[in-house]
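Input: a single structure, listed below in structure tokens.
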Amino acid sequence: MSADATPDDDLPAWSEPFHGDGPGAAPDLGLDHPITREWAYGDGSGRGVRLAVVDSGVDGTHPLVGGVAEYVDVVRDPEADEGIRFELGEHDDLYGHGTACAAIVRSLAPEVEIVSVRVLGADLKGSAFNFAHGLDWCLEHGVRVANLSLSTSNDKYAETFHEIVDDATFARMLLVSAMNNERKRTIPSEYAGVFSVACAPGTDREQVWCNPNGPAEWGAAGVDVDIAWNAHGSITATGNSFAAPVVAGHLARIVGAHPELTVWQARTVLAAVAANAAL
Amino acid sequence: MTDRELRTESDVGSSASLLTLICELARWSHGAAAVSVAIIDGNGLEYVASSGAGADEIVGTRLGAGEGLAGFVAATGQSLAVRDAVSDPRFNREVAERTGYVPNAIQIVPILDADGDVTGVMSMLDRGHHDDVPNDPPFALPGFADLAAALLTRSQPDGGRVVEVARRLDEMSSRDRGAALTAISAVLDAIAR
Numbered sequence: 001m002s003a004d005a006t007p008d009d010d011l012p013a014w015s016e017p018f019h020g021d022g023p024g025a026a027p028d029l030g031l032d033h034p035i036t037r038e039w040a041y042g043d044g045s046g047r048g049v050r051l052a053v054v055d056s057g058v059d060g061t062h063p064l065v066g067g068v069a070e071y072v073d074v075v076r077d078p079e080a081d082e083g084i085r086f087e088l089g090e091h092d093d094l095y096g097h098g099t100a101c102a103a104i105v106r107s108l109a110p111e112v113e114i115v116s117v118r119v120l121g122a123d124l125k126g127s128a129f130n131f132a133h134g135l136d137w138c139l140e141h142g143v144r145v146a147n148l149s150l151s152t153s154n155d156k157y158a159e160t161f162h163e164i165v166d167d168a169t170f171a172r173m174l175l176v177s178a179m180n181n182e183r184k185r186t187i188p189s190e191y192a193g194v195f196s197v198a199c200a201p202g203t204d205r206e207q208v209w210c211n212p213n214g215p216a217e218w219g220a221a222g223v224d225v226d227i228a229w230n231a232h233g234s235i236t237a238t239g240n241s242f243a244a245p246v247v248a249g250h251l252a253r254i255v256g257a258h259p260e261l262t263v264w265q266a267r268t269v270l271a272a273v274a275a276n277a278a279l
Numbered sequence: 001m002t003d004r005e006l007r008t009e010s011d012v013g014s015s016a017s018l019l020t021l022i023c024e025l026a027r028w029s030h031g032a033a034a035v036s037v038a039i040i041d042g043n044g045l046e047y048v049a050s051s052g053a054g055a056d057e058i059v060g061t062r063l064g065a066g067e068g069l070a071g072f073v074a075a076t077g078q079s080l081a082v083r084d085a086v087s088d089p090r091f092n093r094e095v096a097e098r099t100g101y102v103p104n105a106i107q108i109v110p111i112l113d114a115d116g117d118v119t120g121v122m123s124m125l126d127r128g129h130h131d132d133v134p135n136d137p138p139f140a141l142p143g144f145a146d147l148a149a150a151l152l153t154r155s156q157p158d159g160g161r162v163v164e165v166a167r168r169l170d171e172m173s174s175r176d177r178g179a180a181l182t183a184i185s186a187v188l189d190a191i192a193r
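Residue numbers (my numbering), protein chains in the order written: chain Z, 1 to 279; chain F, 1 to 193.
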């Protein structure tokens with residue numbers, strides 16, 4: 001099977017390997033009894049999986065989101081310990097971006113438990129600081145899969161996010177991270193420890209592509225896709241941001257069916273069910 | 001972890017005319033109806049330079065956090081291309097109508113400072129609006145955003161020190177200036193090694 005869309009100058013950066021001739025074959029274990037989608041996904045519900053959308057907040061009342069189990073707002077506060085405060089309780093989505101991501105996840109894993117971790121709020125300053133603390137919160141609050149449709153280009157945070165990604169890996173928290181739409185530093189998306197995602201051709205969310213050469217290791221629908229937005233609306237948009245939650249949804253199915261999987265095991269299972277597996 | 005530092009308005013003001021030239025070059029290169037630059041100021045955005053349709057009206061306009069497509073890009077750091085802008089709920093029609101030009105297509109890219117933090121956004125309205133364009137634009141829009149970033153970075157405190165050193169060199173006699181330049185070059189060579 002090969003990717004079939006025509007290369008497009010307007011594609012988000014890092015999406016090129018998934019277009020044209022595609023990324024080639026996903027790694028093949030050569031098993032006598034290959035991993036099947038039925039085994040990998042179980043009932044495909046994502047039941048029992050706590051999945052964080054680390055973003056601009058989530059509108060839990062949007063019909064396509066289908067409810068939010070828990071909200072936390074990560075707020076800068078110079079008076080607070082470490083300069084950050086965590087506000088629990090329902091919040092809104094100022095931009096619609098997090099709502100879009102949550103709805104995509106829900107469409108793939110209908111029984112997943114969505115947690116909205118808001119790190120992009122009205123404060124336009126220092127969002128990388130909030131982002132890092134939001135991930136710390138996830139680590140301390142039992143999140144199994146975290147969708148990160150945002151990144152920072154700030155080198156000052158490189159070490160901080162390296163530590164977070166390592167901690168997440170050993171805590172079996174799967175970090176799904178959208179590559180930047182520009183060809184710039186993209187932290188933590190470019191790290192090998194995360195599931196880094198760019199846009200693949202088409203709009204079918206059941207298809208995930210594996211690019212073993214990275215740094216965009218996974219491809220999923222994100223070009224001209226219909227997504228949920230503010231005010232219970234929807235828009236058509238393009239961006240790696242909307243491909244990442246597709247991968248997060250597939251991973252929610254996988255760890256829902258196999259709760260004990262490590263990060264590297266989940267990566268192997270996802271590659272085995274990728275659209276370009278066993279070419 | 002530390003927060004980024006923001007420039008002051010006066011820093012930006014001294015660069016506004018050069019930013020306008022960058023907007024003009026970007027607009028011409030892509031045959032666009034307009035190109036503008038807005039920078040983060042407090043918790044909002046302020047348009048500081050523009051070229052093309054509505055340029056005079058947009059400069060000085062402020063957007064609150066989360067307002068419009070530009071506010072979205074500033075907050076998320078993610079670029080955005082919208083083909084049917086007026087139907088997009090993120091589009092701020094009020095601002096567009098104030099400028100007298102309502103675009104069909106908008107492309108917005110973040111302007112990053114030296115640390116990689118978003119410091120502003122560059123917006124292009126209706127690429128291909130004019131036919132008289134070069135065959136090969138020197139940059140895509142992100143390239144022009146990088147130019148703007150370099151200009152804005154130059155106006156930060158370190159850039160001020162460079163200007164101060166240049167002024168002092170100018171004030172020296174030619175003989176002293178030659179000796180000073182030799183010394184500075186030796187230091188730069190040592191750092192480069």
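Even for Gly, the Cβ is constructed at its ideal location relative to N, Cα and C. Since the structure is predicted, the reported quantities are computational estimates derived from the model, not experimental observations.
Looking only at C-alpha atoms, which of Z:Pro78, Z:Ala109, Z:Gly121 sits nearest to Gly98 (chain Z)?
Z:Gly121
What do you reckon, are the CB atoms on Asp55 (chain Z) and Cys101 (chain Z) nearer than 7 Å?
yes
For the candidate residues F:Ser17, F:Thr20, F:Ala33, whose alpha-carbon lies nearest to that of His130 (chain F)?
F:Ala33
Selection from Z:Pro212, Z:Ala231, Z:His250 that minimises the alpha carbon distance to Pro17 (chain Z)
Z:Pro212
Measuring CA to CA, which of Z:Ser127, Z:Ser196, Z:Ala278 is closest to Ala244 (chain Z)?
Z:Ser196
Where are the beta strand (DSSP E) runs, 3 residues long or more, that stay fully inside the stretch 35 to 104 of chain Z, in chain order?
50 to 55, 70 to 76, 84 to 88
Given 8 Å as the limit, is there contact between the stretch 86 to 97 of chain F and the stretch 127 to 134 of chain Z, that is, 3 or more CB pairs closer than that?
no
With a cut-off of 8 Å on the beta carbons, I'd call Thr119 (chain F) and Ile39 (chain F) a contact; round off their distance for me.
6 Å
Looking at the structure shown, is Arg62 (chain F) part of a helix, part of a strand, or coil, going by DSSP?
strand
In three-state DSSP terms, what is Asn230 (chain Z)?
coil
When burial is assigned at 16 or more other CB atoms within 10 Å of the CB, is Arg7 (chain F) buried or exposed?
Residue placement at Arg7 (chain F) is poorly supported in this model, since its pLDDT is 39, which falls under 50; the coordinates still yield a value, given next. Under this definition Arg7 (chain F) is a buried residue.
Residues bridged to Cys280 (chain Z) (per DSSP):
Because chain Z in this structure spans residues 1 to 279, residue 280 (chain Z) falls outside the shown range and cannot be described.
I'd like to confirm something about Met122 (chain F): is its beta-carbon nearer than 6 Å to some heavy atom of the ligand PLP, or not?
Among the ligands in the structure shown, none appear at all, so the ligand PLP cannot be discussed.
Please go through the same chain and pick out, in chain order, the residues whose beta-carbon is closer than 8 Å to the beta-carbon of Ser10 (chain F), but skip the five residues on each side of it.
Bear in mind that a pLDDT of 42 at Ser10 (chain F), under 50, signals an unreliable position, so the number given afterwards is only what the model happens to contain. Closer than 8 Å at the Cβ level, and outside the excluded window around Ser10 (chain F), lies no residue.
Would you verify that the beta carbon of Phe72 (chain F) is, or is not, closer than 7 Å to some beta carbon of chain Z?
yes
Could you tell me if Ser173 (chain F) is buried or exposed, where buried requires 16 or more neighbouring beta carbons within 10 angstroms of its beta carbon?
exposed
Inter-residue Cα distance where the pair is Ala179 (chain F) and Gln107 (chain F)
50 Å
For Ala192 (chain Z), count neighbouring Cβ atoms within 10 angstroms of its own Cβ and tell me buried if that reaches 16, exposed if not.
exposed
With 7 Å as the threshold, decide whether the Cβ of Ser173 (chain F) is near any Cβ in chain Z.
no
Within 7 Å, strictly: CB atoms of Val273 (chain Z) and Ala109 (chain Z)
no
Return the residue from the list F:Glu97, F:Ala140, F:Ala183, F:Thr182 that minimises the CA-CA distance to Ala55 (chain F).
F:Glu97
Nearest neighbour of Val65 (chain Z), chosen from Z:Arg267, Z:Ala275, Z:Trp229 [CA to CA]
Z:Trp229
Less than 7 Å between CB atoms is the rule here; does Tyr71 (chain Z) satisfy it with respect to chain F?
no
Any C-beta of chain Z sitting closer than 7 Å to the C-beta of Leu181 (chain F)?
no
Strictly under 7 Å for the Cβ-Cβ distance: is Leu11 (chain Z) near chain F by that measure?
no
Identity of the residue in Z:Thr236, Z:Gly46, Z:His33 nearest Glu113 (chain Z) by Cα
Z:Gly46
Exposed or buried, what is Thr99 (chain F) when buried is set at 16 or more other beta-carbons lying within 10 Å of its beta-carbon?
buried
Give me the DSSP bridge partner(s) of Cys280 (chain Z).
The shown model of chain Z, from 1 to 279, leaves out residue 280 (chain Z), and the question about it has no answer.
If you compare alpha carbons, which of F:Thr61, F:Arg175, F:Ser79, F:Ala114 is closest to Met124 (chain F)?
F:Ser79
Does DSSP classify Thr236 (chain Z) as helix, strand or coil?
strand
Kindly say whether Asp41 (chain F), judged by its beta-carbon, lies nearer than 7 Å to any beta-carbon of chain Z.
no
Please check the pair Gly44 (chain F) and Tyr95 (chain Z), which I expect to be a contact at CB under 8 Å, by giving their CB distance rounded to whole angstroms.
The Cβ separation is near 14 Å, so there is no contact.
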